[in-house]
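**Student:** After the structure tokens below, expect a handful of questions from me.
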Amino acid sequence: MNRVARPAFLDPDRLFPLNPAPRRLARAIYDSVKDLPIVSPHGHTDPRWFADDMAFPDPAQLFVTPDHYVFRMLCSQGVDLSDLGVPRVDGGATETDGRKIWRRFAENFHLFRGTPSRMWLDQAFVDVFGVEERLNAASADRVYDHIADCLCRPEFRPRALFERFGIEVIATTESPLDDLASHQKIAASGWTGRVITAYRPDAVIDPEFEGFAANIEKFGALAGVDATTWAGYLDAHRNRRAYFKAVGGATSTDHGHPSARTEYLPQSEAAALFAKALAGQCSAEEADAFRGHMLTEMARMSLDDGLVMQIHPGSFRNHSSQVFARHGRDKGFDIPMRTDYVRALKPLLDAVGMDPRLTLILFTLDETAYSRELAPLAGVYPALRLGPAWWFFDSAEGMRRFRELTTETAGFYNTVGFNDDTRAFCSIPARHDVARRVDCAYLATLVATGRLAEDEAYEVAHDLTYRLAKQAYRL
Amino acid sequence: MNRVARPAFLDPDRLFPLNPAPRRLARAIYDSVKDLPIVSPHGHTDPRWFADDMAFPDPAQLFVTPDHYVFRMLCSQGVDLSDLGVPRVDGGATETDGRKIWRRFAENFHLFRGTPSRMWLDQAFVDVFGVEERLNAASADRVYDHIADCLCRPEFRPRALFERFGIEVIATTESPLDDLASHQKIAASGWTGRVITAYRPDAVIDPEFEGFAANIEKFGALAGVDATTWAGYLDAHRNRRAYFKAVGGATSTDHGHPSARTEYLPQSEAAALFAKALAGQCSAEEADAFRGHMLTEMARMSLDDGLVMQIHPGSFRNHSSQVFARHGRDKGFDIPMRTDYVRALKPLLDAVGMDPRLTLILFTLDETAYSRELAPLAGVYPALRLGPAWWFFDSAEGMRRFRELTTETAGFYNTVGFNDDTRAFCSIPARHDVARRVDCAYLATLVATGRLAEDEAYEVAHDLTYRLAKQAYRL
Amino acid sequence: MNRVARPAFLDPDRLFPLNPAPRRLARAIYDSVKDLPIVSPHGHTDPRWFADDMAFPDPAQLFVTPDHYVFRMLCSQGVDLSDLGVPRVDGGATETDGRKIWRRFAENFHLFRGTPSRMWLDQAFVDVFGVEERLNAASADRVYDHIADCLCRPEFRPRALFERFGIEVIATTESPLDDLASHQKIAASGWTGRVITAYRPDAVIDPEFEGFAANIEKFGALAGVDATTWAGYLDAHRNRRAYFKAVGGATSTDHGHPSARTEYLPQSEAAALFAKALAGQCSAEEADAFRGHMLTEMARMSLDDGLVMQIHPGSFRNHSSQVFARHGRDKGFDIPMRTDYVRALKPLLDAVGMDPRLTLILFTLDETAYSRELAPLAGVYPALRLGPAWWFFDSAEGMRRFRELTTETAGFYNTVGFNDDTRAFCSIPARHDVARRVDCAYLATLVATGRLAEDEAYEVAHDLTYRLAKQAYRL
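Protein chains in written order, with my numbering: chain F, 146 to 620; chain Y, 146 to 620; chain P, 146 to 620.
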């Protein structure tokens, strides 16, 4: 991407080792990868941005209201989510004045000191918008006006930013109940940006999902089968997966379950659970078993259709009943839980784990699993790969810990590059940049401590930045 | 505090980063906070020291016999606790010769290499007593004599040391069954040192506490109510909390439970559990549920009276049956356990977690909870704050891990400064000094790696050292 | 050991701190310990090597086929174990051409970047065989030929290498069902190398072990008692332990259980469980209780015969059913599990934990237990010591974490030096070298940050490298 002159608060050597020799080496390795295209195989940008290419409405709508990293921190210090424009379930009034929201954000900007949000925001302000002063209460209006002015200009429309960011491919995430209209519109538009979807079937796999039975009806209708029978239900998955591949360019599926539990039940038992689920009669244990069995079914389908599989387990969703009742899902109250993988994955791995045609990418919110469970599993099963540091851990320290805790057991080549996993479009270059810096710092440290040769470090850096993501996600 | 010339073994730059630039910066930041007053909002010093202002009896009674960090390490290498003067439950003979105890300690001083105790002891020897040689078998008697001589002098009495240490306020910890006589005596004495209490009601909240029913009788008597009814019991808490505020200056409560479990039961159910507890008929599960419910009751009372609430969960107390039988509680055999917070705190948080008037400070002995559970919780709930690294982790590496594992998710401003949490009075300046050094080193590293501006680092250092503790504990 | 000129890819300062001052100090400390004899108190070398002193067959049989660290990584990227010569349970064909196996290994050598295997292999290639180029597809044949040539020469026979490696003593590990013929042959040969055994009774303690009842028959026969009664069974242990001491020079026992659970049951209850175990009628829970009880029995026997006890818990053995069926045990599919120690060890510790005559060395594959459970336990119980970083964690980062997470609570003197724990004979000098480097780096960092005096660092380095292993294992 094009870069404007940077103000002093964006250190060109940030995140590099402190010693002169490895610092120089980290910078040199980084220079060799910093301009590589962005491959973003997992994320939550809105495909309508690229389909419609409308201007973003205002700085608050771009940086504050949709970013749960940002509004959760403000909430933690007593700022009401309604005052940040976060919509209410009951349709009640929330703040709509972008400038007022922005000022609340700016007054509290010190809360982000030491957080990755601060790094992403600073870099987006500077690199994307050319802001030249630090955000605080005093500069709030000036920064707001500057960004607001930018947003009116065509070069700040989504497609222009996509191109300026150097995105080679970006994956969005859709439910099988989505018709992929935006992806079709993008394809029909002649625009060459590659925006693909990913198949995220939680709404039709989790018996505890809101409206499960109705979702299955709609699922069958979209797939053109009767999805209320077990055989029809599996066919509906096959059809929608094929549709997501053909129409949305999908190369992967994604599964967000409370735990990593898998099962491989006899078909009759799975069918019986499905019938109970449809009837709304699953116990919590049965719902969990059904979800676990479906992971193995998804893996088996992946062997047929080649879709790469991702599992993102271990989040206690919507922890605050009060916030869930008032503002709904995904409002920053998802909290990681201790997660077991060793026993949980065994049924699936016994079924398909030794098959190198399958790629199953594992994520965790429980960092204790990195060295104890995930690296040992990914370091031996041909089907397994380790996803990058995720969510609370897609930060400088989090990514450093990921490398330190996984590389010695799983090496680099059982990992899959970086995921930005974000709804915050303008943070994408910054997030990838942080990952590249942390990896280069790690590699330079390995070289400086005699654990890797210098020529290998350059090669690994290129692999981690670009090749492994393309290879693992079959892009 | 006044400082004597330091011998070579106390490096003025200890714990700072190794690279010249961040080392200089760490030193500069540290220089800006090192002389700030000590705010000690949680600890276990004996209020009688400050009430009576008597000389400490001898070096062994000051440094060895009361400090479980010290005698547990000696015990681990086969030194009998009786030979260190630790009292026996049966009143049997234990070593009473301070010099003999000191010699055993000195002969084994190498055991403390690399431990925080070693840092605290060295600094206390040098800074408090002006000792000029390292402790070992050869120097044992000389060091003993030197310290013993000091202890005879008025400037080594508790109040003089309190003032010399620069303590602005220190909190002790008392049971509701305590009459706060020492605190009253301090207040009546005209001495200006601020020694406050904290309300620690485990003895009247935990049905499994020794003498629970008798404790409740006494509790009611002190509160002037019949505490054997549920309503009376809650009133007794209200009364004693008010007494602790008015007479002891308390601004906080503290709760040491086996787990972080909370409950918010219907009042009738809580009343029934209380009746069972009084009758000694609670099962282990019922006792646990009652403790959990009482945390929510305490939080609700905090909304009324403004006392800040602390939870210190997760210690398996008195692990060795043999040592407990011979020497009783608190003899170094408390061992951390794996602790869950996410499900455990939900009942309390659903009741009061979104109310910014409440401040609930969480501690852990399970460091895996820092990044996985506690930082995510404190980083979103307005009522939650993260207590500092505690007990086994109030060390250089422990405090570094605390910052590295919590800052990126919870920031600095959901933390509350440092707690020394100690019975070892002379270690207090050293403990605060270590915390200040580690924080300054961390901040300097953030600056040197481009994650924080230099002016912000100074401001954060001041906040971590002084302002946040005063604010969080309402001091 | 004698050292050949090293090619550039083996940095003489590898693993040392990056800053000049601590780097120099680390080098100086390392120079003081690098040539100390190797004490290897726990491992899995084959005693027949030293008994028969035959040449190793070829480079692949030496470096690839027996080393599960190596073949598991190749397997993780889709290389079939059969193609690496790993034997099949059904006796089916596997690759026998060492050169072909070696080429597969060399082509995939980049997979080991950043892993400890890479460090051990590089160092063994250079230091043991004088290889002068990096292994890769291009150099595969040259390196193979060079090593194969070496293996034909007498100075590369096992005894010559043992002497060249500077091994003062090495322990192998045998089952009580082993007759120790190789150890007897070594003793009778007049060769002065000290190769001792260790008593590893899992096959006669674990009711779930393959062939448990038949094992007990054989066990009794070897011990000359009827081991099918509870009293006879305990006598058989006493007899075989005595035999292992007398004939095999054993100073230790070793126990590899799924968990750290201990029990101390009434003898009648233990006897009843044993009878059930013999009859193949134990439930999983009963088998676990029996294993737990036997740990306490073993500890009690250790009080009598002085054998040091080791517990290696927490591995989920043979995770892949498919690989277990095809290739059997120990094929790289052992995965660590979360392990609890605090409750698990209490029965044993209440029985014998305060007795300083016992030495019980604890290991873990769950690094979260280091600071939370193991250091606090070893830092207070006289009978406990902390084993070094084990298996997935006997690496540079793993050993650093071990020191950082245990030293502050348990000190250095509740640890026991290094274990190489390996079947890969040529990696032994490299593994000990890595441990010495990491420890020296850690000590130099403590000195540079003012936490340890320089003279103490030299003394601790000597203790960690040599003295503590000899003392703890009574060698």
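Every residue, glycine too, gets a C-beta built ideally from N, C-alpha and C. As the structure is a prediction and not an experimental result, all values here were calculated from the model.
Which value, in whole angstroms, describes the spacing of the CA atoms of P/ARG148 and P/ALA305?
**Tutor:** Only weak support is given to the placement of P/ARG148: the predicted model assigns it a pLDDT of 38, under 50, and the value that follows is read from those uncertain coordinates. Computed Cα separation, rounded: 14 Å.
**Student:** Quick one: does P/SER516 have its CB under 8 Å from some CB of chain F?
**Tutor:** no
**Student:** Kindly say whether F/PRO501, judged by its beta-carbon, lies nearer than 8 Å to any beta-carbon of chain P.
**Tutor:** yes
**Student:** Could you tell me which residues DSSP puts in a beta bridge with F/SER460?
**Tutor:** F/PRO481
**Student:** Should Y/ALA444 and Y/LEU505 be called a contact, given that it needs their Cβ atoms to be closer than 8 Å?
**Tutor:** yes
**Student:** Does the distance from the C-beta atom of P/VAL178 to that of P/HIS607 stay below 8 Å?
**Tutor:** yes
**Student:** By Cβ distance below 7 Å, which residues in the same chain neighbour Y/MET446 in space, the five residues on each side in sequence not counted?
**Tutor:** HIS382, ARG383, ARG386
**Student:** Just mark Y/ARG582 as buried or exposed, buried being the case when its beta carbon has 16 or more other beta carbons within 10 Å.
**Tutor:** So Y/ARG582 ends up on the buried side.
**Student:** Output yes or no for whether 8 Å exceeds the beta carbon distance between P/PRO533 and P/THR560.
**Tutor:** yes
**Student:** When DSSP builds the beta bridges, which residues end up paired with P/HIS400?
**Tutor:** P/ILE456
**Student:** Check distances from the C-beta atoms of the region 546-560 of chain P to those of chain Y and list, in chain order, the residues that come in under 9 Å.
**Tutor:** Within the region 546-560 of chain P, the qualifying residues are ARG548, GLU549, LEU550, THR552, GLU553, THR554, ALA555, GLY556, PHE557, TYR558, ASN559.
**Student:** Enumerated in chain order, which unbroken segments of the beta strand (DSSP E) with a length of 3 residues or greater are wholly contained in the region 540-611 of chain F?
**Tutor:** Assignment of beta strand (DSSP E) within the region 540-611 of chain F, counting only whole runs of 3 or more residues, yields no such run.
**Student:** Taking just the CA atoms, how far does P/PRO458 sit from P/GLY401?
**Tutor:** Cα to Cα, P/GLY401 sits roughly 5 Å from P/PRO458.
**Student:** Taking 8 Å as the cut-off, does the region 255-269 of chain Y touch the region 535-543 of chain Y (at least 3 CB pairs, one atom from each stretch)?
**Tutor:** yes
**Student:** Taking Cβ positions only, does Y/PHE161 come closer than 8 Å to chain F?
**Tutor:** no
**Student:** At the 8 Å Cβ level, is P/ALA173 part of the contact set with chain Y, yes or no?
**Tutor:** no
**Student:** Say whether the region 330-342 of chain Y touches the region 305-321 of chain Y, bearing in mind that this needs 3 or more beta-carbon pairs closer than 8 Å, one atom from each stretch.
**Tutor:** Cβ pair count under 8 Å is three or more, so yes.
**Student:** What's the gap between the Cα of F/THR551 and the Cα of F/TYR515?
**Tutor:** 6 Å
**Student:** DSSP state of Y/TYR344, grouped into three classes?
**Tutor:** strand
**Student:** Applying a beta-carbon distance threshold of less than 9 Å, which residues of chain Y neighbour P/TYR526?
**Tutor:** Those within 9 Å of P/TYR526 in chain Y are CYS220, SER221, HIS464, SER465, PHE478.
**Student:** Assign Y/GLY393 to one of two classes, buried (16 or more other C-beta atoms within 10 Å of its C-beta) or exposed (fewer than that).
**Tutor:** So Y/GLY393 counts as buried.
**Student:** Distance, Cα to Cα, P/GLU553 vs P/VAL487?
**Tutor:** 19 Å
**Student:** Start and end of the beta strand (DSSP E) containing P/ARG530?
**Tutor:** 529-531
**Student:** So is P/ASN164 in contact with chain F if we call contact Cβ pairs under 8 Å?
**Tutor:** yes
**Student:** Are the C-beta atoms of F/ARG406 and some chain P residue less than 8 Å apart?
**Tutor:** no
**Student:** Return the bridge partner residues of Y/SER185 from the DSSP annotation.
**Tutor:** Y/ILE315
**Student:** Would you give the residue range spanned by the beta strand (DSSP E) that P/LEU163 belongs to?
**Tutor:** No beta strand (DSSP E) contains P/LEU163, which DSSP labels as neither H nor E.
**Student:** Kindly indicate the opening and closing residues of the beta strand (DSSP E) around Y/LEU505.
**Tutor:** Going by DSSP, Y/LEU505 is part of the beta strand (DSSP E) stretching over 505-507.
**Student:** Starting from the beta carbon of Y/ASP156, find every residue of chain P whose beta carbon is closer than 7 Å, and list them in chain order.
**Tutor:** Contacts between Y/ASP156 and chain P, judged by CB atoms closer than 7 Å, involve GLY595 in chain order.
**Student:** Go ahead and label P/GLY243 buried or exposed: buried means 16 or more other beta carbons lie within 10 angstroms of its beta carbon, across all protein chains shown.
**Tutor:** Of the other Cβ atoms in all chains shown, 16 or more fall within 10 Å of the Cβ of P/GLY243; this residue is therefore buried.
**Student:** Distance cutoff 8 Å, beta carbons only. Does P/VAL487 sit that close to anything in chain Y?
**Tutor:** yes
**Student:** Following the continuous alpha helix (DSSP H) through P/TYR388, name the residue where it begins and the one where it ends.
**Tutor:** Element bounds for P/TYR388: 375-393.
**Student:** Quick check on the burial criterion: 16 or more other C-beta atoms within 10 angstroms. Buried or exposed for F/MET199?
**Tutor:** exposed
**Student:** With the cut-off set at 8 Å, would you say Y/LEU160 and P/GLY595 are in Cβ contact?
**Tutor:** yes
**Student:** Could you tell me whether the Cβ atoms of Y/ALA575 and Y/ALA171 are closer together than 8 Å?
**Tutor:** no
**Student:** Quick one: list the residues of chain Y neighbouring P/GLY437, beta-carbon separation under 7 Å, in chain order.
**Tutor:** Those within 7 Å of P/GLY437 in chain Y number zero; the least Cβ separation is about 17 Å.
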